[in-house]
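Worksheet: the structure to be examined is printed underneath.
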Amino acid sequence: MRQIALGNGEITASQVALGIMRMGKKSVEDATTVLKTVYDQGVNFFDSADIYTDGESELVFGKALKNSGIPRDKVYIQSKAGIVLDDARTTADGLVFGQRYDFSKEHLLQAVDGILERIGVGYLDTFLLHRPDPLMEPDEVAEVFNTLLRSGKVRNFGVSNFNASQIDVLQQAVGQKLIINQVQLSLKHTPLIDSGIFVNRLEDEAVDRESGMLEYSRKNNITLQAWSPYQYGMFEGVFIDNPKFPELNAMMDEIAKKYGVTKNAIATAWITRLPH
């Protein structure tokens, strides 16, 4: 597994990460098997959030990590916070939805403490703000980051689902370099690159919904991470082998056969080929 530099290049992790969003629905034994399997293939990056299956994912992940025998300093653990759950919209399979966003000092500090307790570790390699809070006070977030860094609970910081202007506003206030922005990206979710291809044209794809995020990230040494790399829409399902997308799957079949790999590998390679 290829290791890549994150942010300004001072730290590295595997190019592919294991997201544990639905791990809370697995047994600890099954989760341990998953961790050992991906780690043996070179994946040492694990991504979480405090709301995943309402905290159960981190509990299961933490127990599985302990059972696996993998040393803490051999893995890169990232988690996110800032979304307050709407319990009424939590689905049976563990999919959760937010009610509102909260970047207050009290909420974020409590969230990080909860993450560390559930996983059973002393620090996060990266902490991300999960989705933009329109009521964010940048100076208050800066105070949170300073507190977390001084305490040793977080080593690096970033954001998720932010546009370029929102990152600028936050970066002006915080003393730490924001090294990651995690965004939705897949072969069936491409607004990140569409506007750059359809420059000066009238199609809907020409609308810049991302504030030039791809170019902005390259300019500012921010690593873009893709979430839901095999899905379309807002958790509507997987596009691979989905009859709704015959042309895409036919093309993926053709390329996969040419290189002797799976269609999942093709979908992954398409993302990893983009500048990160």
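Under numbering that gives the first Met the number 0, the residues of the sequence shown are numbered 0 to 275, in order. The beta carbon of each residue, even a glycine, is placed where N, CA and C say it ideally should be. Since this is a predicted model, take the numbers as computed values, not measurements.
Is Gln175 closer than 8 angstroms to Phe144 when the C-beta atoms are compared? yes
So what does DSSP say about Val120, is it helix, strand or coil? coil
Neighbour-count burial assignment, Met233, 16 or more Cβ in a 10 Å radius: exposed
Note down the Cα distance separating Leu169 from Gly121, rounded to an integer number of angstroms. 26 angstroms
Can you check whether the CB of Ser227 is closer than 8 angstroms to the CB of Ser164? no
Would you mind giving the Cβ-Cβ distance between Ser13 and Phe60, rounded to the nearest angstrom? I have them listed as a contact below 8 angstroms. Incorrect: roughly 16 angstroms between the Cβ atoms, too far for contact.
Would you list the one or two residues that DSSP bridges to Ala80? Leu128
Measure the alpha-carbon distance for Leu84 versus Gln109 and round it to whole angstroms. 15 angstroms
Please say whether Lys104 and Leu123 have beta carbons closer to each other than 8 angstroms? no
Closer than 6 angstroms by C-beta to Asn66: which residues in its own chain qualify, once you throw out the five before and the five after it? Chain order, please. Thr31
Under the three-state DSSP convention, the category Gly6 falls into: coil
Helix, strand or coil for Tyr42? Go by DSSP, reduced to three states. Note that residue 42 is Val in the sequence shown here, rather than Tyr. Three-state DSSP puts Val42 in coil, outside helix and strand.
For the candidate residues Glu116, Gln224, Asn162 and Ile178, whose alpha-carbon lies nearest to that of Glu9? Ile178
With burial defined as no fewer than 16 other Cβ atoms inside 10 Å of the residue's Cβ, what is the status of Val198: buried or exposed? exposed
Pairwise C-alpha distance: Tyr100 and Ile82: 5 angstroms
Option nearest Glu214 by Cα separation, candidates Glu246, Asp203, Asn180 and Asp240: Asn180
How many whole angstroms separate the CB atoms of Gly54 and Arg117, which I take to be in contact at a CB cut-off of 8 angstroms? 6 angstroms
Would you tell me roughly how many angstroms separate the C-alpha atoms of Val27 and His106, rounded to the nearest one? 29 angstroms
Taking the C-alpha atoms as reference points, what is the distance between Lys262 and Val15? 16 angstroms
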